[in-house]
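S.K.: A single structure is presented below for examination.
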Amino acid sequence: MNIAVAGAGAVGCYFGGRLAKAGYDVTFLARGGHLAAMQENGLRIKEEAEEYIIESRFTDDIRDLSEADLVLFCVKSNDTKRMADALQPILKETAAVMTLQNGVENEEILEEVFGATRVLSAVTYVQSSVVSPGEIKQQGRVKLVIGSLSSQTELASIIDLLQAAGIDCGESSHIMSRKWNKLMWNATFNPLSAVSGARVGEILEDEQLYKTAKKICEEVVEVGIHKGLPIDPETTISKIFSRAEFAKQHQTSMLQDRLRGKPMEVEAMCGYIRRQGELLGVETPANQSIYSVLNYMNQKLI
345 MNIAVAGAGA VGCYFGGRLA KAGYDVTFLA RGGHLAAMQE NGLRIKEEAE
395 EYIIESRFTD DIRDLSEADL VLFCVKSNDT KRMADALQPI LKETAAVMTL
445 QNGVENEEIL EEVFGATRVL SAVTYVQSSV VSPGEIKQQG RVKLVIGSLS
495 SQTELASIID LLQAAGIDCG ESSHIMSRKW NKLMWNATFN PLSAVSGARV
545 GEILEDEQLY KTAKKICEEV VEVGIHKGLP IDPETTISKI FSRAEFAKQH
595 QTSMLQDRLR GKPMEVEAMC GYIRRQGELL GVETPANQSI YSVLNYMNQK
645 LI
């Protein structure tokens, strides 16, 4: 099976690298200094137990993805529509597109472009980061939960190839509920970490940051309830913060983007909660405050 990584950042490089290490043909679409480093020296991946270098095809030419049977769709949510439109005329009609992105809106965009039967969604549990151009670091547990948007889509072969690469992978028949669960965690910690510069553990240990995170979380959960999610607020909030205890050293993806001077996924995180709150009549002042700051910072990067 030919595999393409559309958006070879921390997540795309890690999972694509694991698949390449297992012997699959993987093409990485990247750009800038990160691309140049991989083309010259390969992709270096540092895990807790091992370190290895992947020699593969690294390119900035989207036409090099034309033979892919499976695309790991890993661009930032800001670029979903642009990348999907660019890929649509290039990919084979049988190629599957699996989003590993944050948020819960990307699936809708991809379905409009490729059709529901070709789109898969994955919830990623991974703590990976680009420590320098061409070098990825991963720590902690790794797990993928994947699901389809159509009952006609067969997942067994994709789960098999991921498991063959040593990736803990399972299937969910309620994938968007699982994505929402992750969004609630991300929306609680990602925007706040990007504003403050704090890692997850620092948010938990600082009294004022913790209070703000709790308020943000309460708003996110309330929006989820109004969206129809069958969740108990107290139990859900408790789980979100207990999970954070296992990621104290984690530098969130939005903070990584800010530190590298890259646009942050503001709309996919607090922006989505703010917009849904307005539509559903749910007050979200904490999310609105964080959103206004991050949106202003993003505009300065454009």
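For what it's worth, the numbering used here labels the leading residue of the sequence shown as 345, then goes sequentially.
Virtual Cβ for every residue (Gly too), placed ideally from N, Cα, C.
Fair warning: this is a prediction, and the values are worked out from it, not measured in the lab.
1) Take the Cβ of Y358 as the centre, count every other Cβ of all protein chains shown within 10 Å, and call the residue buried at 16 or more, exposed below.
2) The beta strand (DSSP E) with A350 in it runs from where to where?
3) Look at L464 and L493 and say whether their C-beta atoms are less than 9 Å apart.
4) Pull up the distance between the alpha-carbon of L402 and that of R604, whole angstroms please.
5) Count Cβ pairs between the region 607 to 615 and the region 411 to 423 that sit closer than 8 Å; are there 3 or more?
6) On a Cα-Cα basis, can you pick out the residue from P433, A428, N446 and I398 that is closest to S410?
7) In its own chain, which residues sit with a C-beta less than 8 Å from the C-beta of L499, not counting the 5 before and 5 after it?
8) Relative to the alpha-carbon of V349, which residue among P629, V415 and D405 has its alpha-carbon at the smallest distance?
9) Please determine, among R602, P574, H570 and A508, the residue with the shortest C-alpha to C-alpha distance to Q643.
10) Which of the three DSSP states is assigned to C418 in this structure?
11) Measure how close the beta-carbons of I511 and V486 come, nearest whole angstrom, since I'm counting them as under 8 Å.
12) Check whether the region 633 to 641 touches the region 534 to 544, taking contact to mean three or more Cβ pairs, one atom from each stretch, closer than 8 Å.
13) Whose C-beta lies closer than 6 Å to the C-beta of A466 among residues of the same chain, with five residues either side of it excluded?
14) For N534 versus N446, is the C-beta spacing smaller than 9 Å?
15) Find the nearest neighbour of L548 within the set I397, K571, T468 and S586, judged by alpha-carbon distance.
M.R.: Result, derived from the coordinates:
1) buried
2) N346 to A350
3) yes
4) For clarity, residue 402 is Phe in the given sequence; the question names Leu instead. Cα-Cα distance, rounded: 21 Å.
5) yes
6) P433
7) L464, I490, G491, S492 and E515
8) V415
9) R602
10) coil
11) 6 Å
12) yes
13) M442, L444, L488 and I490
14) yes
15) S586
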